[in-house]
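*Asks:* Residue numbers (my numbering): 1 to 468. Sending over a structure as structure tokens; questions will come in a sec.
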RNA sequence: GCCCCCAUCGUCUAGUGGCCUAGGACACCACCCUUUCAAGGUGGCGGCACGGGUUCGAAUCCCGUUGGGGGUGCCA
């Protein structure tokens, strides 16, 4: 075990990786790196997860996508709670032996009835002094002592919990299996965890855990409860209602650097007046003490703006590289054998300057690789019925057929000359050509596209549309 | 019900008692540029939840109110 602080990140596998989890992971990672510590990945061990190893793989894969690398020397894990199952039971036994915990045979129904009758909240400590031993059906409860617990939280400061508000909570179920709370603490102790950075929802459980740490003879870790990520209704992000899967953003063509940078501006802001900053800056500056206390809205619009900026920061080659998965996916609109990397490369700069997410790229340049792009009927009627449009189309087609130099400048001059003859402004003049060749009224700069398509194909499409 | 947390433009934030007539970013609007659509440039709209204190001075400290969220299981 290496020296230095050990940060625990404990996602529960649910088939996808939550953006909120991603941010918490990033916080842990930044701190572990900056403080020369270790990032310990402990996967929550649920029945469902045990039967689906791919869920765990998914988490590791998503972590690696956001730059938290499994083979980094500061990365340790993944661990499962079940690796420590014996330790959970041993700890529970010790607590019982020490008198810090006791058995109780009340069912939840009985507890509810008692609470109702007395008007108190929850469990009233009925079995505290009944001297019950372990037996099937009996739960082991922690004997919460008198007094109060202060949680020292790096994000929030000191939070005091009166013990009168904490009931004697269950450590072992009636069937003898340990509860999450106990397993959690025992695992952290076994793994030598010194720092726990997690979402704020865990704050109310923290005094219980701290009590357990102490009862087990250890100093509790340094806590940091970070604010929740919420939706526009200000509710905790949920799988049902909200788009929360990191994997989904990845497959839509968000760049990991943009995602990471955006996530880090939620609840925290980099020093200086720039919020678009490289990870190295973040890692060097991130402190839990500077994290906000209030929940933050995960705004896809702003994420998209970040992504656009990151796309524009790429070199042309880098952009082409990043587009590859989207150009060769099975969902691509053109027949695979018609794709031409050279043509894509030629158009890449004009595509790069306007892309928000990479998944939109195929739809922007599909007409280049389609045998016959679908021409929207309404758009065509509207465009060609404009005054002078048909004449421009006919004359431009003729001019393009014999054009000496086939390049964007010449194509532009030619069309504009024809347009001017018919009293059309630049934008108006190119509309019929654009629709005839690309099938749409909007798209990448026209003349660059025509140049890439080539004379033969352009003239073919123009002629075809004229005949229809 | 009980416990805990939170409160600056629509959103994310800067702000740690005077530098605040509250700064930036996203979104929105206008204009410029322009080859459609973007990108880029310039400008605009817009906020300290409310009420009491403390102080020469409060977005900043204290108390309360209101509002929001989270937790409270033999779930994790």
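Glycine residues also receive a C-beta, built at the ideal position from the N, C-alpha and C atoms.
Just to confirm the assignment, what range does the beta strand (DSSP E) spanning residue 78 have?
*Replies:* Position 78 of the first chain holds residue 78. That run of the beta strand (DSSP E) goes 75-80.
*Asks:* Classify residue 451: buried if its beta carbon has 16 or more other beta carbons within 10 angstroms, exposed otherwise.
*Replies:* Locating residue 451 in the first chain gives position 451, where the first residue counts as 1. Its Cβ being crowded by 16 or more others within 10 Å, residue 451 is buried.
*Asks:* Secondary structure at residue 43, three-state DSSP: helix, strand or coil?
*Replies:* Walking along the first chain from the start, residue 43 turns up at place 43. In the structure shown, residue 43 sits in a strand (DSSP, three-state: E or B).
*Asks:* For a minimum of 4 consecutive residues, which ranges assigned as the alpha helix (DSSP H) are wholly contained in the region 330-357?
*Replies:* The region 330-357 contains these whole alpha helix (DSSP H) runs: 341-352.
*Asks:* Per the DSSP calculation, residue 223 is bridged to which residue(s)?
*Replies:* Taking the first residue of the first chain as position 1, residue 223 is located at position 223. In the DSSP output, where bridge partners are listed per residue, residue 223 has 153, 196.
*Asks:* Tell me which residue opens and which closes the beta strand (DSSP E) that residue 103 is part of.
*Replies:* Position 103 of the first chain, counted from the first residue, corresponds to residue 103. 101-104 is the span of the beta strand (DSSP E), which, as asked, contains residue 103.
*Asks:* In this structure, how does DSSP classify residue 204 when only helix, strand and coil are distinguished?
*Replies:* Locating residue 204 in the first chain gives position 204, counting from the first residue. Correct three-state label for residue 204: helix.
*Asks:* For residue 158, does the three-state DSSP call read helix, strand or coil?
*Replies:* Working through the first chain from its first residue, we reach residue 158 at position 158. Residue state, collapsed to three classes: strand.
*Asks:* How about residue 197 and residue 226: are their beta carbons less than 8 Å apart?
*Replies:* The residue you call residue 197 lines up with position 197 of the first chain. The residue you call residue 226 lines up with position 226 of the first chain. In this structure, residue 226 lies closer than 8 Å to residue 197 by Cβ.
*Asks:* Nearest by alpha-carbon distance to residue 424: which of 165, 298, 391, 185 is it?
*Replies:* Along the first chain, read from residue 1 onward, the residue named residue 424 stands at position 424. Among 165, 298, 391, 185, the Cα nearest to that of residue 424 belongs to 391.
*Asks:* Please report the distance separating the alpha-carbon of residue 217 from that of residue 272.
*Replies:* The residue you call residue 217 lines up with position 217 of the first chain. The residue you call residue 272 lines up with position 272 of the first chain. Going from the Cα of residue 217 to the Cα of residue 272 covers about 44 Å.
*Asks:* May I ask you to list the residues that DSSP assigns as paired with residue 277?
*Replies:* Your numbering for residue 277 matches position 277 in the first chain. The partner list for residue 277 (beta bridge, DSSP) is empty, contrary to what the question assumes.
*Asks:* Using a Cβ-Cβ cut-off of 6 Å (strictly less than) and excluding sequence neighbours within five positions of residue 443, which residues of its own chain qualify?
*Replies:* The count along the first chain starts at 1 and reaches residue 443 at position 443. Counting only Cβ-Cβ distances below 6 Å, and skipping sequence neighbours, we find nothing.
*Asks:* Could you work out which residue in 98, 15, 29 is closest to residue 284 when comparing CA atoms only?
*Replies:* Here residue 284 refers to the residue found at position 284 of the first chain. Checking every option, the nearest Cα to that of residue 284 belongs to 29.
*Asks:* Just checking my contact of residue 472 with residue 13 at CB under 8 Å: how many whole Å lie between their CB atoms?
*Replies:* Lying before the first or after the last residue shown, residue 472 is absent from the chain, which here runs from 1 to 468.
*Asks:* Is DSSP giving residue 14 helix, strand or coil here?
*Replies:* Position 14 of the first chain, counting from 1, holds the residue named residue 14. DSSP places residue 14 in coil when its eight states are reduced to three.
*Asks:* Using 8 Å as the threshold, is the region 228-235 in touch with the region 163-176, meaning 3 or more CB pairs across them?
*Replies:* As far as the Cβ criterion goes, the region 228-235 does not touch the region 163-176, which means the pair count is below three.
*Asks:* First and last residue of the alpha helix (DSSP H) that includes residue 367?
*Replies:* For this step, residue 367 is matched to residue 367 along the first chain. Counting along the chain, the alpha helix (DSSP H) containing residue 367 begins and ends at 361-369.
*Asks:* For residue 8, which three-state DSSP category applies?
*Replies:* For the purposes of this step, residue 8 is taken as the residue at position 8 of the first chain. Residue 8: strand per DSSP, three-state reduction.
*Asks:* For residue 364, which option in 323, 389, 465, 396 has the closest C-alpha, if you only look at C-alpha atoms?
*Replies:* What you label residue 364 is simply residue 364 of the first chain in a count that begins at 1. It is 323.
*Asks:* Whole angstroms is fine: what's the gap from residue 296's alpha carbon to residue 385's?
*Replies:* Numbered from its first residue, the first chain carries residue 296 at position 296. Numbered from its first residue, the first chain carries residue 385 at position 385. Distance between the alpha carbons of residue 296 and residue 385: 51 Å.
*Asks:* Distance check for residue 413 and residue 453, CA to CA, integer angstroms please.
*Replies:* Here residue 453 is taken as the residue at index 453 of the first chain, counted from 1. Here residue 413 is taken as the residue at index 413 of the first chain, counted from 1. Near 18 Å, if we compare the C-alpha coordinates of residue 413 and residue 453.
*Asks:* Taking three-plus beta-carbon pairs below 8 Å as touching, is the region 140-150 in contact with the region 91-103?
*Replies:* Yes, since at least three Cβ pairs between the region 140-150 and the region 91-103 fall closer than 8 Å, the two stretches touch.
*Asks:* Nearest to residue 348 by alpha carbon, out of 57, 69, 449, 188?
*Replies:* Counting from 1 along the first chain, the entry for residue 348 is found at position 348. Among 57, 69, 449, 188, the Cα nearest to that of residue 348 is on 449.
*Asks:* From which residue to which residue does the alpha helix (DSSP H) around residue 418 run?
*Replies:* Against the first chain, residue 418 aligns to sequence position 418. Here the alpha helix (DSSP H) through residue 418 covers 408-421.
*Asks:* Bridge partners for residue 230 per DSSP, in chain order?
*Replies:* As a first step, residue 230 must be located in the first chain, where it is residue number 230. Paired residues: 236, 297.
*Asks:* Evaluate residue 266 with the Cβ neighbour count: other Cβ atoms within 10 Å of its Cβ, from every protein chain shown; 16 or more gives buried, anything less gives exposed.
*Replies:* Here the question's residue 266 lines up with position 266 in the first chain. By the 10 Å Cβ count, residue 266 comes out buried.
*Asks:* Does the Cβ of residue 235 have 16 or more other Cβ atoms within 10 Å, making it buried, or fewer, making it exposed?
*Replies:* Position 235 of the first chain, counted from the start, is the residue given in the question as residue 235. Its Cβ having fewer than 16 others within 10 Å, residue 235 is exposed.
*Asks:* Is residue 260 helix, strand or coil by DSSP?
*Replies:* Counting from 1 along the first chain, the entry for residue 260 is found at position 260. Of the three classes helix, strand and coil, the one that applies to residue 260 here is helix, per DSSP.
*Asks:* Let me check understanding here. Comparing Cα to Cα, which of 437, 193, 127 lies closest to residue 76?
*Replies:* On the first chain, residue 76 is found 76 positions in, with the first residue counted as 1. Of the candidates 437, 193, 127, the one whose C-alpha sits nearest the C-alpha of residue 76 is 193.
*Asks:* Among residues of its own chain, excluding the 5 on either side of residue 399, which ones have a beta-carbon nearer than 6 Å to its beta-carbon?
*Replies:* Within the first chain, numbered from 1, the residue matching residue 399 stands at position 399. Excluding positions up to five away in sequence, the list reads 414.
*Asks:* To the nearest angstrom, how far is the alpha carbon of residue 54 from that of residue 45?
*Replies:* Reading the first chain from its first residue, position 54 is the one you call residue 54. Reading the first chain from its first residue, position 45 is the one you call residue 45. Roughly 13 Å separates the two Cα atoms.
*Asks:* Just curious, the beta strand (DSSP E) that residue 141 is in, first and last residue?
*Replies:* Within the first chain, the letter at position 141 stands for residue 141. Counting along the chain, the beta strand (DSSP E) containing residue 141 begins and ends at 139-142.
*Asks:* Taking only the alpha-carbon atoms, compute the straight-line gap between residue 496 and residue 223 and give it to the nearest angstrom.
*Replies:* Since the first and last residues shown for the chain are 1 and 468, residue 496 lies out of range.
*Asks:* Measure the alpha-carbon distance for residue 293 versus residue 200 and round it to whole angstroms.
*Replies:* If you number the first chain from 1, residue 293 lands on position 293. If you number the first chain from 1, residue 200 lands on position 200. For residue 293 and residue 200, the distance between alpha carbons rounds to 9 Å.
*Asks:* Specify the secondary structure class of residue 178 as computed by DSSP and reduced to three states.
*Replies:* The residue given as residue 178 occupies position 178 in the first chain. In this structure, residue 178 counts as strand in the three-state DSSP scheme.
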